[in-house]
Amino acid sequence: MVEAIPPDEHSNFETFRECFGEPVLKALAKSVEKPRKKKRDARKSKDGRPSRAGAVKEKDAEARIVSTEEQTTAEDLGEFIDYLSSVIFPSLPTDLRTLSFSKYKDNPQLQDDYSTPLSTSTELQLINRIPPMAIDSLTSYALLPTPPDAFDLHHFFTPFLTTYITAVTAPPPIWSTTRTAACELCLRDWIPLTYHHLIPKSTHERGGVDGNPEKREIVESWVKWVGGVRWKSR
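Written as structure tokens, this is what we have:
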């Protein structure tokens, strides 16, 4: 029975599903590729020459069949990944399901347990927690041999578990690398960003000529006025 994912674990579950799904999707996509059907002889018209209309209809019909098959296959793969993710993720330790950058950096025990590459003891502990039903599903889809040995389990589970841990413990981006050069709302970049929404857009436009002291004075006077009002309101 598939367990419900608690709300506080949804974000990590989504990350886990992506990390798990990518290699599974690639492997299954290769296994379900079918050889193209041999082309049938084009239909001929009454005078014995190939019928162009018949060939076009036949090609359209084949294209619709291929499109339907691809859509069905994609849906099946998506459901398979969702199912296995919802089976495997709850089996992991709670501290791994709720792992984050802030928890990881402030907890030496978490750093010992989940630093990458994973230690042999941690790796075995995690793999031994994988439910048998998940392993059975993986073997039935030929993602694991029957029966899988310790090397097979290591080769399959360790890479995406490592990817998941790396993703959830990654530090947030440095502010200076994500700071925009212009306001994301009004896109005006010729005046300091801290002033943007203290000044009406019309005033920005009137003072928007570089090197024009008269028009720039309009903006500066407005900034001084707003600053004075804010100071008095303290």
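Sequential numbering of the sequence shown, starting at 916, is according to the working numbering. Even for Gly, the Cβ is constructed at its ideal location relative to N, Cα and C. Predicted model only: the values in this text are computed from it and were never measured.
The beta strand (DSSP E) runs lying completely inside the stretch 1032-1062 and spanning 3 residues or more number zero. Minimum Cα-Cα distance from Leu943 among the listed residues Glu929, Glu924 and Phe995 corresponds to Phe995.
Ser1001 and Pro1086 have their C-alpha atoms roughly 26 Å apart. When the five nearest sequence neighbours on each side are left out, the beta carbons in the same chain lying within less than 8 Å of the beta carbon of Pro1060 are those of Thr1054 and Asp1067, in order along the chain. For Pro1023, the secondary structure class from DSSP, reduced to helix, strand or coil, is helix. Of the candidates Thr1084, His1069, Ile1089 and Tyr1079, the residue whose Cα lies closest to the Cα of Phe935 is Tyr1079. Residue burial is scored here from C-beta neighbours: Phe1016 has fewer than 16 other C-beta atoms within 10 angstroms and is therefore classed as exposed. With a contact defined as Cβ atoms closer than 8 Å, Asn927 and Thr1013 qualify at about 7 Å. Taking the Cα positions, Asp1010 is about 12 Å away from Val1083.
DSSP, read as helix, strand or coil, puts Ile996 in helix.
Shown here, Thr1009 sits in a helix according to DSSP, grouped into three states. Between Ile1042 and His1069, the CB-CB gap stays under 8 Å. Just measuring C-alpha positions, the residue of Val939, Leu1039 and Thr1077 sitting nearest Ala1057 is Val939.
For Leu1076, the uninterrupted alpha helix (DSSP H) segment begins and ends at Ala1065 to Val1083.
Cβ neighbours of Thr1031 within its own chain (closer than 7 Å, five residues either side excluded): Thr1077, Ile1080 and Thr1081. A Cβ-Cβ separation of about 14 Å leaves Glu918 out of contact with Pro1008 under the 8 Å criterion. Straight through space, the alpha carbons of Gln1026 and Asp923 are spaced by roughly 21 Å.
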